[in-house]
Amino acid sequence: MRIDNQYSTINFKTSYRKVIKPSYIMGDCYEASTYFFRKDLQWNKFFNHIIEKYQNTPKVNVFSLASSDGSEAYSIAMILISKLGEKVAKKFFPVIAVDFDRTITRNARKGFMNLSADDELRINKYTGNKLNNFFEPTNQRFLSEPMGSSGTQELLTKFKTKPILEDKVVFITEDLNTYVEKMPDKNNLIFCRNCWPYLWRTSDEFAQKLSLKTDMNSYLVVGDFDALCCPMNLKNCYGFSMSKDFQNVFDKSGSNYHDGMRTFFHKIEED
Ligand SMILES: C[S@@+](CC[C@H](N)C(=O)[O-])C[C@H]1O[C@@H](n2cnc3c(N)ncnc32)[C@H](O)[C@@H]1O
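Next comes the structure, spelled out in structure tokens:
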């Protein structure tokens, strides 16, 4: 049972939603805050590599696990369309966005996003100023709910997601622990970022199951928030290798970058 469900459909930052269950221990609460082109990945460098890597692969299965409102899934779709064009990028679509929060996924399917000025800047930065190709502004503006411990509020503009983008993402409401078993077992580009602490007791079992879905032609991308809670931080855990070239990225190459425990003390330089 949830006792504190801070959420407002009108005043919805893309996306701040804090759910706390009664005991308030890790695994019993989660936050769904997210933003476009979240900083813990070198988006340009990584997607240039992805495009080359999958040049001869006819279908790539792309997942945004723990997707929140879809900011991440839409970021993936936008960067691929911007780099390849809609037609060539087709083999990466749809991006499957999975989250167990019904309110968020239900709202995500409505096709509106509330963007902060920073979201707008980041979208333009990574798409070559194509924000308007993907989103139509409405005249609705409002302050977000206070976010995080600092209680910061942002001025948001409500945008309609245009069909070119909306069509590329499918939202599924499901717990990752069950969804993982339904995933295909090859050619997967899996984003599973900034949710590992919430998986808590199930994180080991989940990592093992995810490993079965990660072949030599697959990648797993995690986030900075996952630093201490994601089991793959340990060397070669469940067969995952930490990429030397891309921080927060794991593969099955067998050539692990670090010898010991993974640490995230240095922040990723944006590209
Ligand atoms: C901080 S958001 C991460 C959003 C996005 N991946 C990012 O990095 O910006 C964490 C999300 O994990 C989701 N989540 C937590 N535990 C989950 C589970 N067991 N199954 C599915 N989603 C889960 C929450 O609903 C929330 O939307």
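When you read off a place in the sequence shown, starting at 1, and then add 14, the result is the number in our numbering. Every residue, glycine too, gets a C-beta built ideally from N, C-alpha and C. As the structure is a prediction and not an experimental result, all values here were calculated from the model.
Kindly say whether glycine 84, judged by its beta-carbon, lies nearer than 8 Å to any beta-carbon of chain B.
The structure shown contains no chain B, having only a single protein chain.
Indicate the three-state DSSP secondary structure (helix, strand or coil) for serine 255 in the structure shown.
As a first step, residue 255 is located in the sequence shown; it is residue number 241 there, counting from the start. In the structure shown, serine 255 sits in a strand (DSSP, three-state: E or B).
Tell me the DSSP secondary structure of serine 22 in three-state form.
By 1-based counting over the sequence shown, the position of residue 22 is 8. Confidence at serine 22 is low in this model, with a pLDDT of 44, below 50, so its placement is unreliable and no value can be given for it.
Is any heavy atom of ligand 1 found at a distance shorter than 7 Å from the C-beta of serine 85?
On the sequence shown, residue 85 is found 71 positions in, with the first residue counted as 1. Serine 85: yes, Cβ under 7 Å from ligand 1.
Taking 7 Å as the cut-off, is the beta-carbon of isoleucine 204 closer than that to any non-hydrogen atom of ligand 1?
Against the sequence shown, residue 204 aligns to sequence position 190. No.
Rounded to the nearest angstrom, how far is the Cβ of alanine 87 from that of phenylalanine 107, given a contact under 8 Å?
Residue 87 sits at position 73 when you count from the first residue of the sequence shown. Residue 107 sits at position 93 when you count from the first residue of the sequence shown. The pair is not a contact, with the Cβ atoms about 10 Å apart (cut-off 8 Å).
One question on the structure: do leucine 79 and phenylalanine 260 come within less than 8 Å of each other, judged by their Cβ atoms?
Taking the first residue of the sequence shown as 1, we reach residue 79 at position 65. Taking the first residue of the sequence shown as 1, we reach residue 260 at position 246. It is not a contact, given that the beta carbons lie outside the stated cut-off.
Give me the Cα-Cα distance between glycine 237 and arginine 52, rounded to the nearest whole angstrom.
Here residue 237 corresponds to residue number 223 of the sequence shown, with the count starting at 1. Here residue 52 corresponds to residue number 38 of the sequence shown, with the count starting at 1. Those two C-alpha atoms are separated by around 9 Å.
Kindly indicate which three-state DSSP category glutamate 159 falls into: helix, strand or coil?
For the purposes of this step, residue 159 is identified with residue 145 of the sequence shown, where counting begins at 1. Note: glutamate 159 maps to coil in three-state DSSP.
Given a cut-off of 8 Å, decide if valine 184 and tyrosine 233 are closer than it, judged by their beta-carbon atoms.
Position 219 of the sequence shown holds residue 233. Position 170 of the sequence shown holds residue 184. Cβ distance not < 8 Å, so tyrosine 233 and valine 184 don't count as in contact.
With respect to 7 Å, is the separation between the Cβ of tyrosine 44 and the closest non-hydrogen atom of ligand 1 below this value?
Working through the sequence shown from its first residue, we reach residue 44 at position 30. Taking the Cβ of tyrosine 44 as the reference point, at least one heavy atom of ligand 1 falls within a distance shorter than 7 Å.
For a quick check, are the C-beta atoms of alanine 122 and glycine 165 less than 8 Å apart?
As a first step, residue 122 must be located in the sequence shown, where it is residue number 108. As a first step, residue 165 must be located in the sequence shown, where it is residue number 151. In this structure, the beta-carbon distance from alanine 122 to glycine 165 does not fall below 8 Å.
Cβ of serine 257 within 8 Å of Cβ of lysine 266?
Here residue 257 corresponds to residue number 243 of the sequence shown, with the count starting at 1. Here residue 266 corresponds to residue number 252 of the sequence shown, with the count starting at 1. No, they are not a contact pair.
Cysteine 209 beta carbon near ligand 1 (any heavy atom closer than 7 Å)
For this step, residue 209 is matched to residue 195 along the sequence shown. Within the cutoff, so yes.
List the whole-angstrom C-beta distance separating serine 82 from aspartate 133, where the pair is believed to meet the contact cut-off of C-beta under 8 Å.
As a position in the sequence shown, residue 82 is number 68, starting the count at 1. As a position in the sequence shown, residue 133 is number 119, starting the count at 1. Contact doesn't hold; Cβ gap of about 13 Å is too wide.
Looking at tyrosine 193 and glutamine 222, is the spacing between their C-beta atoms short of 8 Å?
Working through the sequence shown from its first residue, we reach residue 222 at position 208. Working through the sequence shown from its first residue, we reach residue 193 at position 179. No, Cβ-Cβ distance for glutamine 222 and tyrosine 193 is not below 8 Å.
Those residues which DSSP pairs with tyrosine 193 across a bridge:
Position 179 of the sequence shown, counted from the start, is the residue given in the question as residue 193. Its beta-bridge partners do not exist; DSSP assigns none.
Under 7 Å: does the beta carbon of serine 81 sit that close to some heavy atom of ligand 1?
On the sequence shown, position 67 is the one that residue 81 refers to. Serine 81: yes, Cβ under 7 Å from ligand 1.
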